[in-house]
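Novice: The working numbering applies: residue 6 is where the sequence shown begins, and numbers increase by one.
Beta carbons: idealized from backbone N, C-alpha and C, even for Gly.
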Amino acid sequence: MLRARLKPPLKKLGIRKARRPVTNVPSLKNFRRIVVKVGSSLLVDHTQGALKRDWLEALADDLVALHREGCDVLVVSSGSIALGRTFLKLPKGSLRLEESQAAAAVGQISLARTWSEVLGARGITAGQILVTLNDTEERQRYLNARETIGKLLELRAVPVINENDTVATTEIRYGDNDRLAARVATMASADLLVLLSDIDGLYTAPPHEDPNATLIPVVPRISAEIEAMAGGAASEMSRGGMRTKIEAAKIATTGGTHMVIADGRVTNPVKRIAEGGRCTWFLTPSNPVTARKKWIAGSLEPRGTVHIDEGAAKALLTGASLLPAGVLRLEGSFARGDCIVIRDPRGAEIGRGLVAYDALEAARIAGRNSREIEAILGMPGQSEMIHRDDMALGSE
6 MLRARLKPPL
16 KKLGIRKARR
26 PVTNVPSLKN
36 FRRIVVKVGS
46 SLLVDHTQGA
56 LKRDWLEALA
66 DDLVALHREG
76 CDVLVVSSGS
86 IALGRTFLKL
96 PKGSLRLEES
106 QAAAAVGQIS
116 LARTWSEVLG
126 ARGITAGQIL
136 VTLNDTEERQ
146 RYLNARETIG
156 KLLELRAVPV
166 INENDTVATT
176 EIRYGDNDRL
186 AARVATMASA
196 DLLVLLSDID
206 GLYTAPPHED
216 PNATLIPVVP
226 RISAEIEAMA
236 GGAASEMSRG
246 GMRTKIEAAK
256 IATTGGTHMV
266 IADGRVTNPV
276 KRIAEGGRCT
286 WFLTPSNPVT
296 ARKKWIAGSL
306 EPRGTVHIDE
316 GAAKALLTGA
326 SLLPAGVLRL
336 EGSFARGDCI
346 VIRDPRGAEI
356 GRGLVAYDAL
366 EAARIAGRNS
376 REIEAILGMP
386 GQSEMIHRDD
396 MALGSE
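1. What separation, rounded to the nearest whole angstrom, lies between the Cα atoms of LEU102 and ILE256?
2. So, does the stretch 149 to 169 touch the stretch 122 to 141, judging by three or more C-beta pairs under 8 angstroms?
3. Would you say ARG90 faces chain D, with C-beta separation under 8 angstroms as the test?
4. Mapping the DSSP letters down to three states, classify ALA107 as helix, strand or coil.
5. For ARG277 and GLY269, what's the separation of their Cα atoms in angstroms?
6. May I ask you to report which of helix, strand or coil DSSP gives ALA279?
7. How many angstroms separate the CA atom of ASN273 from the CA atom of ASP395?
8. Among ILE204, ILE251, SER202, which residue has its Cα nearest to the Cα of VAL224?
9. Out of PRO329, ALA267, ARG348, point me to the one whose CA is closest to GLU379's CA.
10. How long is the line joining the alpha carbons of GLY75 and GLY206, rounded to whole angstroms?
11. Pop quiz: PHE339 and GLY372 are said to be a contact at Cβ under 8 angstroms. What is the actual Cβ separation, rounded to whole angstroms?
12. Tell me which residues share the same chain as GLU176 and place their Cβ nearer than 7 angstroms to its Cβ, disregarding the 5 neighbours each side in the sequence.
13. Under DSSP, the beta strand (DSSP E) around GLN133 begins and ends at which residues?
14. So, for LEU382: in the same chain, excluding its five sequence neighbours on each side, which residues have a beta-carbon less than 8 angstroms away from its beta-carbon?
15. Distance, Cα to Cα, ASP140 vs ASN169?
16. How big is the Cα-Cα spacing for PRO350 and LEU322?
17. With C-beta atoms as the reference, is GLY342 less than 8 angstroms away from LEU327?
18. Of the choices LYS34, ARG38, VAL41, SER45, whose alpha-carbon is the least far from that of GLY246?
19. Can you look up ARG357 in the DSSP assignment and give me helix, strand or coil?
20. For LEU288, collect the residues of the same chain with a Cβ closer than 8 angstroms to its Cβ; drop the 5 residues on either side in sequence, then sort them by chain order.
21. Compute every distance between the C-beta of VAL41 and the non-hydrogen atoms of the ligand PLP, then say whether any falls below 7 angstroms.
22. Suppose you measure from the CA of ASP66 to the CA of ALA317; what does that come to, to the nearest Å?
23. Whose CA, out of PHE36, ILE345, LYS97, lies closest to the CA of ALA397?
24. Can you give me the C-alpha to C-alpha distance between LEU220 and GLU230, rounded to a whole angstrom?
25. Whole angstroms is fine: what's the gap from MET234's alpha carbon to GLY89's?
26. Looking at the secondary structure, which residues open and close the beta strand (DSSP E) in which LYS42 lies?
27. Would you identify the three-state DSSP class for PHE339, choosing helix, strand or coil?
28. Any idea what DSSP makes of GLY246, helix, strand or coil?
29. Return the CA-CA distance between ILE355 and ASP363, expressed in angstroms with no decimal places.
30. CB-CB under 8 angstroms to SER99, same chain, minus the five flanking residues each way: which ones, in chain order?
31. Going by C-alpha to C-alpha distance, which of LEU61, HIS51, LEU333, THR91 sits closest to SER82?
32. For GLN113, does the count of other Cβ atoms within 10 angstroms reach 16, so buried, or fall short, so exposed?
33. Assign PRO164 to one of two classes, buried (16 or more other C-beta atoms within 10 Å of its C-beta) or exposed (fewer than that).
34. Taking the beta strand (DSSP E) that GLU168 belongs to, which residues open and close that run?
35. Using the beta-carbon count (16 or more within 10 Å), is GLY324 buried or exposed?
36. Please state if the CB of ARG73 and the CB of ALA195 are separated by a distance shorter than 8 angstroms.
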């Protein structure tokens, strides 16, 4: 935990003022899974409606450098509507919903192709994922998206994620990619979210309004005073502003993900963060694993119960997943991804976890070897009944 030596009133706000170089902030090299969010105002030249290709090439160099260091890298990229409105010759200013959807349908093709080209030229495969609000809020769709992201990262690809503006309505959309990026970061169990913006961090007041505004390099916790510092949208091309970035920070840090806001207008913006450039770090006291386990243990209503044998109970305490072979019986009507209680042979609750199968399928493979799952169900399935990452034990 970082400890600050501050004078009022900033100390009361839980922030650090940049009077001297800040040396005890996180370092990019300490993170293993990083989500980088790129906004429309950085990616697209709004006067011409064209991609800023040179800037994007430099950013791709940054991402590939992280990738070659062994990091898992994900990109949340805006830009489809900004590009599409140019191709369709739509007027400047606000668009009606159907115009935005049409622009996104056209612009997404160009955006995906560009990311594929710039990463592919550096030996990295890009994978496109389009999501809506429901994909991160509805349990089954959340699991599907999480598994797709996980498999792409396992195969050392870089997922490029955007909101599916072609089908999202006003009622079911994020409306800005800051919050989407935070949801993606928690979904992917990322330990760092990088928001590249057209400002270099959070200030004590909007710097375009107050010349005495001071950059805040580290925010250990998000207080009401921190939230009050947020202004409105920073540019014509951006849907969000500092307010949505603070909201994103709350989502990310609650999920165990650190977040940093940095100036994306410079060349090689991620490299600049690594070299100690001006930015604002939002810290979390947790990590993605412990935050997820806390969520499983205390925030989800159990939909069923799995009773396991003594061998399985001992194996779980050593860090193993729950395999079908260790299951004695199941109770309840639950669906894949629901939380269920785990009980030992004496009936004592030893933990909770997210089950990988529906109740009927789980009952069919209970007590059986994982190698038999495909033959029993007629299709390949997850070898674990509950994966260790989706389990919270009372001893933890």
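Specialist: Reading it off the structure:
1. 27 angstroms
2. yes
3. In the structure shown, chain D cannot be found, because there is only a single protein chain.
4. helix
5. The alpha-carbon atoms of ARG277 and GLY269 are separated by roughly 9 angstroms.
6. helix
7. 36 angstroms
8. ILE251
9. Of PRO329, ALA267, ARG348, the residue nearest in Cα terms is PRO329.
10. Going by the C-alpha atoms only, they are around 27 angstroms apart.
11. That belief does not hold up - the Cβ atoms of PHE339 and GLY372 are roughly 18 angstroms apart, past 8 angstroms.
12. At GLU176 the pLDDT is 42, less than 50, meaning the model places this residue with poor confidence and gives no usable figure here.
13. 131 to 136
14. GLU366, ARG369, ILE370
15. 10 angstroms
16. 15 angstroms
17. no
18. SER45
19. strand
20. LEU7, PRO31, VAL223, VAL224, PRO225, ARG226, THR258, HIS263
21. No copy of the ligand PLP occurs in the structure displayed, which carries no ligand at all.
22. 47 angstroms
23. Each of PHE36, ILE345, LYS97 was checked against the Cα of ALA397, and the nearest Cα belongs to ILE345.
24. 15 angstroms
25. 34 angstroms
26. 38 to 43
27. It is coil, neither helix nor strand.
28. strand
29. 21 angstroms
30. none
31. It is LEU61 whose Cα lies nearest to the Cα of SER82.
32. buried
33. buried
34. 163 to 168
35. exposed
36. no
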